[in-house]
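Okay, structure first, notes after.
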Amino acid sequence: MTNAWTDIKNTDLVVIMGGNAAEAHPCGFKWVTEAKATRGAKLIVVDPRYNRSAAVADFYAPIRQGSDIAFLMGLINYCISHDKVQWDYVKPFTNASFVVREGYAYQDGLFTGYDESKRDYNRDSWEYEIGPDGYAVVDETLQNPRCVWNLLKQHVAIYTPEMVERICGTPKDAFLKVAEMVGECSTPTKTMTSMYALGWTQHSKGAQNIRGMAMLQLILGNIGVRGGGMNALRGHSNIQGLTDLGLMSNLIPGYLNIPTQKEPDFTTYMSTRAFKPLRPNQTSYWQNYRKFFVSFMKSMYGPAATKENDWAYSYLPKLDVASYDVLRVFDMMKHGKVNLYFCQGFNPLQAFPDKGKLAAGLAKLKMLVIMDPLQTETARFWEDHGTFNKVNPADIKTEVIQLPTTCFAEDEGSLVNSGRWLQWHWPGGSPPGEAKTDIWIMAQIHLRLKELYKKEGGAFPDPIVNLNWSYKDPGEPTPEELAREMNGSVLVDVFDPADPTKKVLEAGKQLSGFGQMRDDGTTAGGCWIFSGCWTEAGNMMARRDNSDPGDAGMFLKWSFAWPANRRILYNRASCDLDGKPWDPSRKLIEWDGAKWTGYDVPDIPPTAKPRDVGPFIMNPEGTSRLWVRKMMRDGPFPVHYEPFESPVANVIAPKVRGNPVARVFPDDWKTFADIGDPNFPYAGTSYRLTEHFHYWTKNNHVNSVLQPEQFVEISEELAKDKGIALGGWVRVWSKRGELYAKAVVTKRIKPMTIDGKIVHIVGVPIHWGFVGAARKGFTANTLTPFVGDANIETPEFKAFMVNIEPSTGPVVA
Amino acid sequence: MFPPIPNPTVASDAATPRFGEKDILRRSASEVTPPAQRLTEVAKLIDVSKCIGCKACQAACLEWNNLTEEIGFNHGVYTNPMDLTPDSFTLMRFTEWVNPETENLEWLIRKDGCMHCEDPGCLKACPAPGAIVQYSNGIVDFQHDNCIGCGYCIKGCPFNIPRISKVDHTAYKCTLCSDRVAVGQGPACQKACPTQAIVFGTKDEMKDWAELRITDLKSRGFANAGLYDPPGVGGTHVMYVLHHADTPSIYAGLPDNPRISPLVDAWKGMTKYVGLAVMGFAAAAGFLHYVVAGPNKVSEEDEENAERLADGTPPPVPPASLQEGRTP
Amino acid sequence: MSADNLKTHTPDDVEPGDAVRPGHPVQVSRYTVAARINHWITALSLIALALSGMALFTPSLFFLTGLFGGGQWTRALHPWIGVVLFFSFAGLFLRFWKANLPAREDGTWLARISDVLRGREERLPEIGKYNAGQKFVFWGMSGLIIVLIASGIAMWDQYFYAFTTIEQKRVAVLVHAVAAVCIICVWIIHVYAAIWVKGTIGAMTRGKVTGGWAWRHHRKWLRELVGTRPGKRPPTPAE
Ligand SMILES: Nc1nc2c(c(=O)[nH]1)N[C@H]1C(S)=C(S)[C@@H](COP(=O)(O)OP(=O)(O)OC[C@H]3O[C@@H](n4cnc5c(=O)[nH]c(N)nc54)[C@H](O)[C@@H]3O)O[C@H]1N2
Ligand SMILES: Nc1nc2c(c(=O)[nH]1)N[C@H]1C(S)=C(S)[C@@H](COP(=O)(O)OP(=O)(O)OC[C@H]3O[C@@H](n4cnc5c(=O)[nH]c(N)nc54)[C@H](O)[C@@H]3O)O[C@H]1N2
Ligand code: HEM
Ligand code: HEM
Ligand code: SF4
Ligand code: SF4
Ligand code: SF4
Ligand code: SF4
Ligand code: SF4
Ligand SMILES: [Mo]
């Protein structure tokens, strides 16, 4: 989220598209209710299904899954052609005026530089024109045909309301109604907020879906303001914390990168990190990268990280591929290239696509370790459960070890919510039986490994042997110790260079924020963005003062938000060029002549003069980007691509199948149904129900009462065609697998007309499996394809093709 | 509206954590002297237009009241369980309704449960003294110690709410969390509701609150938005804000004009008085007759006649005037 | 009917076991042991039902639940006793229905009801085994018991909750309550009659009445009995 949950109350228009906040985020959804009740805000829901969010919406528009980019580009097209643009925002605060280098072009679904054999682009041409002064060339009049604005105009021209209807199945008048309501938010005093989640991310072009809306929000002047923003509704209670702390195979904490093989030494690594400003005066905050990185290395390796050894840079693994995401690991597993798999708080057999492939992979492991408070399907993948999990245990040699852990409610620590708030929590109960905390287990494994490496040496013991492990009880570091470590501390006294008697930093003290981090090894900090969470003043995450000056929804004294306790990112953009709020009734910060003040922590150096420094200080441009240069693998503008399995060919680029650079493994092509395959005529999608949380609440009695048995949702029309009865059994199958479920026949799903063809939708909730208190069922992922997004490898869970027939139910055993 | 409206303005007196005899306005099958002064009337307001059907209220009710409902089946709808049970005091009923005026689909989600009628049909029907009480704040509560499990309350209730447990054979329904309200807390379901579709406070506050909501709904084109506080049962202490208050029945059969059924009125009114009178009269009549007419005794002569008949000696012929009554 | 036929055709109101035993006084067997047991089961059930039912009928009689072990027991037992009543009455019904078929003299009997009430039997026609009043009780009980069992089952939520709508249940309770009142009144009449007409109780306690009792109240039946006695021809009034 750029903004915060509490800020949604400040909006005038909520657009829920690519998510189902009422269902998946009911507690957060209350702020939508609040905006509606107190500001008269309107709610629009755009979803393939009339869902629980739609139940309380002012307007609902249907959309075929996997077609959002066409819709969003259609909205941008509408705004541009109807002059629904907040010009005073767009001109100075976006890169609209930046001139793009000759050589970059887009045609028929592809950008320049596509290499079909590699399924990748050579992105060199995707850059600005750089002037003789070393800065990007801009044309503030927006006359230059190669300025971003004109390229954008050209790019979106094809997405007319008629085209939107043809691709998305959204009736033209419904689309226009949405466009009209959205367009109204281009005035400085009206804001719209975008709430999205998996309906956008779980596609082979997920990241571009989100960019599409981000661009629209910039055109409307809605980024950085109260009640605006791009609000990703994060999933697991701490999934935000997971990404923040770098639990991705290609990241280290604070969104720093794990080096790749192309960066064998520190100098090479750093050469591409600290972006030089592309416009005069700009901050380009990533110039501080070195400080964050060195502090991280000091925190990891302590005294073993020295200036001389490049802060132990050699200890870090060097990636040979872009990332070892889950899809890649399971693909490798299936090919027998993985021996040991650690599954901590993860149930991949349920959660990842193409269960058949996953199970085959697990069966090839030598050992599988499960750390979980509950029984999971993954831990029991080798058990025969008849139709629900048909295997022959005798054929599986994998050794499975289950380590019972506590769950979040039984231990202490912090959870980071979607609004980037780090909220401390305390145990609500004591763990049952032999359960141990995750920290204890990891520490014990670490200590034993360290011992082994010490004893036996091995290929490269240093990173393990020298890992900084200075906890009071090495066998079980406390959450407090770990949190303090994340925040960072001063290692050596630091004196003011101007006045060597003046101590600026005192050894042993907690840092007050990442501003104090240094690149000379005098500070340590595990996660720069978390710096400020546990300062000398104590645990900032445990703060629970709900005062809210100005009723602004900022709650600065409640917990701690990264970065620097800022509640709305880019909040400098809530003011015009001179630092006056666009909407005085919704002031966030303002320039008082000498400094920035207000209800939020300014996202700009507090004394940076309004016209000098642009609001988007992280970017070398100082502005936001409507066109993203080469920062995304699949193009600087979003393009509509069909899902890999789709009822129709891509209307705007019939030759392009799926996202041309999406993650596909060679073996998997044959597991996809052909475009328009009559054997799989129905468009499937998978999603959540409010009554369950993934695959674990089915272990809970109350949740199982509220939603006891697996079902799929279909329209009355499809039910009639197929002779399916309300509440009757059906079999649903894709090219990869099948499941049996009850049929919820509903008016809330309607057949759509896509490019002249009737397309029926089959909705598949994800929550059932073969363990638990609820009735046995199937993971939705028996059906889904093994394809990932081009940029972040999120699987395409939301769009796949299936068939359906009435049935008598699963045959058990 | 946020922070959430504070805990209800209902006095919480720690010394008397539960409502007691002194607070009882009505008591089943008993005459009580109502308290001189009523407690402030409370109400739970359920704003159907804000409800997202998340069932948090349903879960909270199960948890707070320690209820163990059975794990059922899917019946092709989102509602689960399919009906109220002794272990489910509340549940969400989902209706897919196409508005004939706009042709738009509307998903109407109503939280079903006891309405806490001001004139409770259940209490009227209950034969067991003190099995149902109504506190002077309006809460209608079942006292399981006194309940005999006859199920009359089911017949008395215009909303089809109470259910009899197969385990202890007593009637169960929403208590309006009287145990929580008594200590100044809102009901568990209200606390759990993420959208504040459920709010709780004094009845007057809730009516004002509803007014705000209705104004908002009207501004969004729901011309018939209104408050459901049916006068037929004297108003209720659980009220709904409905977008279509003109047709409550579209909300999964919410009665348009609930009132205690005339059959129940007749059963619990007339029948009792007339019935007792008739039976008393029959007994009294017999007694009087005996006193007046004296016993109907067999005479010596009768015995002799019988003996003669048995012997074959013809007994005297009865007067001719009586002969037509005989078998020929 | 010709007199000859009487030998082969027992009149409807003569039941197996009915017999005249000469003596002083004459003894007439009116009920077999089985019939008496059957009757008393019925009688006790109905009393239990009335007591338990009345406990629920009105709060002022709720204390009667004490007789059955409390409210819960009362609620639980009542319908079961009802079932007992139903079957045991069914037994009585099968025994007695023929004798309770309407006869011509019933009309006269009813027309002279004031004589009945004054005990002026001599002004009444000769009556078979049962007079119109008893028949009224018999058929009244029969009809009401059908109504009570039917409505009772509709109210019996423990087992039959799912079979009726709430509206039907409401009709059922109302009907049940009214029928209960009626049957209690009928019962009062029945018992009063038994007390008022001296010598009647003996029929149900010992199975026998005196000849005089039969002569006085059920002379036609007595004649029929005498007539069906082996070797004895019933003297007809025409003789
Ligand atoms: N109750 C509950 N809450 C949860 C979770 C849970 O399991 N249960 N999980 C949590 C987690 S981890 C996450 S990530 C979030 C996810 O939160 P959401 O993303 O909101 O959840 P989903 O139900 O997966 O998908 C949301 C909606 O996307 C729609 N959709 C599918 N395809 C498309 C499409 O192409 N375009 C558009 N516009 N819409 C589409 C679906 O119909 C569905 O209504 O929820 C979190 N909250
Ligand atoms: N088809 C389809 N598939 C999907 C999705 C979809 O929309 N459609 N959504 C995807 C998404 S967004 C997500 S996030 C995944 C979810 O996939 P998972 O994260 O695998 O699902 P969970 O059931 O949440 O599994 C988490 C496990 O963590 C355990 N756990 C809880 N607390 C602790 C703890 O403190 N320590 C440890 N060690 N374990 C703990 C739980 O018991 C549970 O077994 O599913 C994905 N799969
Ligand atoms: C305490 C209660 C009762 C008493 C004292 C009582 C007494 C009697 C007596 C004395 C008779 C013999 C009458 C006769 O032979 O002319 C009789 C007959 C009969 N009684 Fe009862 N009775 C009682 C309850 C009942 C009840 C509850 C029923 C049925 C529900 C019943 C049904 C009958 C029937 C069917 C006959 C045979 C007469 C007929 O068929 O009309 N009695 N009873
Ligand atoms: C024939 C079978 C009968 C059945 C199955 C039956 C069943 C019931 C049931 C289920 C009730 C509700 C209370 C409870 O559950 O205990 C009830 C109530 C009652 N029954 Fe019966 N009953 C029967 C016969 C009778 C008879 C013969 C009488 C009358 C003597 C009677 C009198 C009553 C009365 C007075 C009530 C209370 C009604 C009220 O509260 O208004 N029942 N009966
Ligand atoms: S997990 Fe459930 S209760 Fe917790 S914040 Fe999310 S919606 Fe609310
Ligand atoms: S079941 Fe209902 S009517 Fe009967 S005693 Fe219990 S509360 Fe009263
Ligand atoms: S709704 Fe029914 S159970 Fe609740 S108080 Fe009213 S009559 Fe009684
Ligand atoms: S008020 Fe209490 S008892 Fe009633 S539905 Fe809510 S939680 Fe359940
Ligand atoms: S908790 Fe609130 S929003 Fe959720 S179902 Fe209940 S009333 Fe509706
Ligand atoms: Mo997620």
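Residue numbers (the UniProt record's numbering), protein chains in the order written: chain A, 1 to 813; chain B, 1 to 328; chain C, 1 to 239.
Cβ atoms here follow ideal geometry from the backbone N, Cα and C, with glycine treated the same way.
Quantities reported herein were computed from a predicted structural model and do not represent experimental measurements.
Examine chain C for any beta-carbon lying closer than 8 Å to the beta-carbon of residue i, and answer yes or no.
{"i": "aspartate 311 (chain B)", "result": "yes"}
{"i": "glutamate 103 (chain B)", "result": "no"}
{"i": "histidine 289 (chain B)", "result": "yes"}
For chain B, find out if any of its Cβ atoms is closer than 8 Å to the Cβ of residue i; answer yes or no.
{"i": "lysine 208 (chain C)", "result": "no"}
{"i": "leucine 726 (chain A)", "result": "yes"}
{"i": "glycine 133 (chain C)", "result": "no"}
{"i": "residue 243 (chain C)", "result": "No information on residue 243 (chain C) is available, as it lies outside the stretch 1 to 239 that chain C covers here."}
{"i": "valine 744 (chain A)", "result": "yes"}
{"i": "phenylalanine 29 (chain A)", "result": "yes"}
Within its chain, find whatever has a CB closer than 8 Å to the CB of residue i; leave out the 5 residues flanking it on each side and keep chain order.
{"i": "histidine 39 (chain C)", "result": "Tyr31, Leu92, Met204"}
{"i": "alanine 561 (chain A)", "result": "Ala4, Gly419, Arg420, Trp421, Leu422, Arg567"}
{"i": "leucine 415 (chain A)", "result": "Ser237, Asn238, Gly241, Phe408, Leu422, Gln423, His425"}
Do we get a CB-CB distance below 8 Å when we pair residue i with the residues of chain A?
{"i": "proline 187 (chain B)", "result": "no"}
{"i": "cysteine 114 (chain B)", "result": "no"}
{"i": "aspartate 216 (chain B)", "result": "yes"}
{"i": "threonine 45 (chain B)", "result": "It should be noted that the sequence gives leucine, not threonine, for residue 45 (chain B). By this cut-off, leucine 45 (chain B) is not an interface position."}
For residue i and residue j, which I take to be in contact (beta-carbon distance under 8 Å), what is that distance rounded to the nearest angstrom?
{"i": "leucine 242 (chain B)", "j": "valine 48 (chain B)", "result": "6 Å"}
{"i": "aspartate 115 (chain C)", "j": "arginine 123 (chain C)", "result": "4 Å"}
{"i": "leucine 13 (chain A)", "j": "cysteine 185 (chain A)", "result": "5 Å"}
{"i": "arginine 543 (chain A)", "j": "serine 559 (chain A)", "result": "6 Å"}
{"i": "cysteine 61 (chain B)", "j": "cysteine 189 (chain B)", "result": "5 Å"}
Quick one: residues in its chain with C-beta nearer than 7 Å to the C-beta of residue i, no 5 flanking neighbours on either side, listed in chain order?
{"i": "valine 802 (chain A)", "result": "Phe680, Tyr682, Gly684, Val732, Trp733, Ser734, Val762, Leu783"}
{"i": "alanine 435 (chain A)", "result": "Pro373, Pro404, Thr405, Thr406"}
{"i": "alanine 197 (chain B)", "result": "Ile46, Asp47, Lys50, Cys51"}
{"i": "glutamine 158 (chain C)", "result": "none"}
{"i": "leucine 51 (chain C)", "result": "Leu64, Leu67"}
{"i": "isoleucine 5 (chain B)", "result": "Note on isoleucine 5 (chain B): pLDDT 48, under 50, position unreliable in the model; no value is reported."}
{"i": "aspartate 555 (chain A)", "result": "For the sequence presented, residue 555 (chain A) should be read as phenylalanine rather than aspartate. These residues qualify, in order along the chain: Thr6, Asn546, Asp548."}
{"i": "valine 773 (chain A)", "result": "Reading the sequence as shown, one finds alanine at residue 773 (chain A) and not valine. Once the five neighbours on either side are set aside, the close Cβ partners of alanine 773 (chain A) are Lys698, Asn699, Asn700, His701, Ser704."}
{"i": "proline 353 (chain A)", "result": "Asn781, Thr784, Pro785, Phe786, Pro795, Phe797"}
For residue i, which residues of its own chain have a beta-carbon under 6 Å away from its beta-carbon, when the five flanking residues on both sides are left out?
{"i": "valine 138 (chain A)", "result": "Ser97, Phe98"}
{"i": "cysteine 114 (chain B)", "result": "Ile161, Lys173, Cys174"}
Item to complete: With 9 Å as the limit, tell me which residues of the stretch 691 to 706 of chain A have their beta carbon closer than that to any beta carbon of chain B; keep them in chain order.
Response: Glu691, His701, Val702, Asn703, Ser704, Val705, Leu706
Item to complete: Pull out every residue of the stretch 157 to 168 of chain B whose Cβ sits closer than 7 Å to any Cβ of chain C, in chain order.
Response: Asn160, Ile164
Worksheet item: According to a CB-to-CB cut-off of less than 9 Å, which residues of the stretch 14 to 30 of chain C neighbour chain B?
Response: Val20, Arg21, Pro22, Gly23, His24, Pro25, Val26, Val28
Item to complete: Note down, one range per segment and in chain order, each alpha helix (DSSP H) of at least 4 residues found wholly within the stretch 50 to 99 of chain A.
Response: 68 to 81, 87 to 93
Fill in: Runs of beta strand (DSSP E) lying entirely within the stretch 106 to 180 of chain B, each at least 3 residues, in chain order
132 to 135, 140 to 142
Worksheet item: Taking Cβ-Cβ distances below 9 Å as the criterion, which residues of the stretch 151 to 177 of chain A are in contact with chain B?
Response: none
Worksheet entry | Short-range partners of chain B found in the stretch 169 to 193 of chain C, where Cβ spacing is below 7 Å | Lys169, Arg170, Val171, Val173, Leu174, Ala177, Val178, Val181, Ile184, Cys185, Ile188, Ile189, Tyr192
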